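Numbering (the numbering used here), first residue to last: 792 to 946.
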């Protein structure tokens with residue numbers, strides 16, 4: 792496991808692609824585009840250069856098999872996990888747990904009092920992992936679709 796550097800553009804690009812693909816998969820109203828991926832790359836680079844963001848990567852050879860992206864909010868003394876992802880072929884092998892434990896150590900070193908992770912309601916495996924690692928449910932986000940028919944999608 793290594794900390795991502797700004798020079799590792801192949802991994803930054805891959806992380807941006809994965810992040811956008813997951814947003815699209817989890818949110819029916821979100822559309823991944825070339826622009827959204829480019830903006831996500833810019834966001835990652837900005838966070839690594841100028842903010843308290845860190846991304847830990849797990850690789851196998853040159854292939855990215857997993858990553859965890861987090862940022863530290865000094866004011867709130869909270870670390871926020873932006874995304875934890877492991878390629879499907881490497882799941883259930885402890886990669887996610889290892890990444891999460893390492894990011895927790897990073898957060899403690901930064902002075903964080905808490906760490907937060909947003910998990911999709913449908914992602915029961917991640918919820919179970921979080922509970923097993925001592926996370927508690929703090930809030931629930933409820934969503935209502937305001938589109939009443941397909942015509943609204945084209946406005």
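In this text, a Cβ means the ideal position worked out from N, Cα and C, and glycines have one as well. Only a predicted model underlies this, so the values are computations on that prediction, with no experimental measurement involved.
Chain-order list of residues whose beta-carbon lies under 8 Å from that of residue i (same chain, five-residue window excluded)
i, result
"residue 823", "811, 812, 814, 815"
Cβ neighbour criterion (16 or more within 10 Å) applied to residue i
i, result
"residue 908", "buried"
"residue 911", "exposed"
Residue i, enclosing alpha helix (DSSP H) - first and last residue
i, result
"residue 827", "825–841"
"residue 887", "886–901"
"residue 882", "Segment: none, residue 882 is in no alpha helix (DSSP H) and carries neither H nor E."
"residue 807", "800–817"
Assigned secondary structure, residue i (DSSP; H/G/I helix, E/B strand, else coil)
i, result
"residue 934", "coil"
"residue 793", "strand"
Alpha-carbon spacing of residue i relative to residue j, whole angstroms
i, j, result
"residue 861", "residue 937", "31 Å"
Cutoff 6 Å; reference residue i; Cβ partners in own chain excluding five residues on either side
i, result
"residue 839", "797"
"residue 877", "857, 886, 887"
Extent of the continuous beta strand (DSSP E) run through residue i
i, result
"residue 877", "869–877"
"residue 915", "Here residue 915 belongs to no beta strand (DSSP E); instead the alpha helix (DSSP H) covers 915–923."
Residues near residue i in its chain [Cβ-Cβ closer than 7 Å; skip 5 each side]
i, result
"residue 893", "792, 847"
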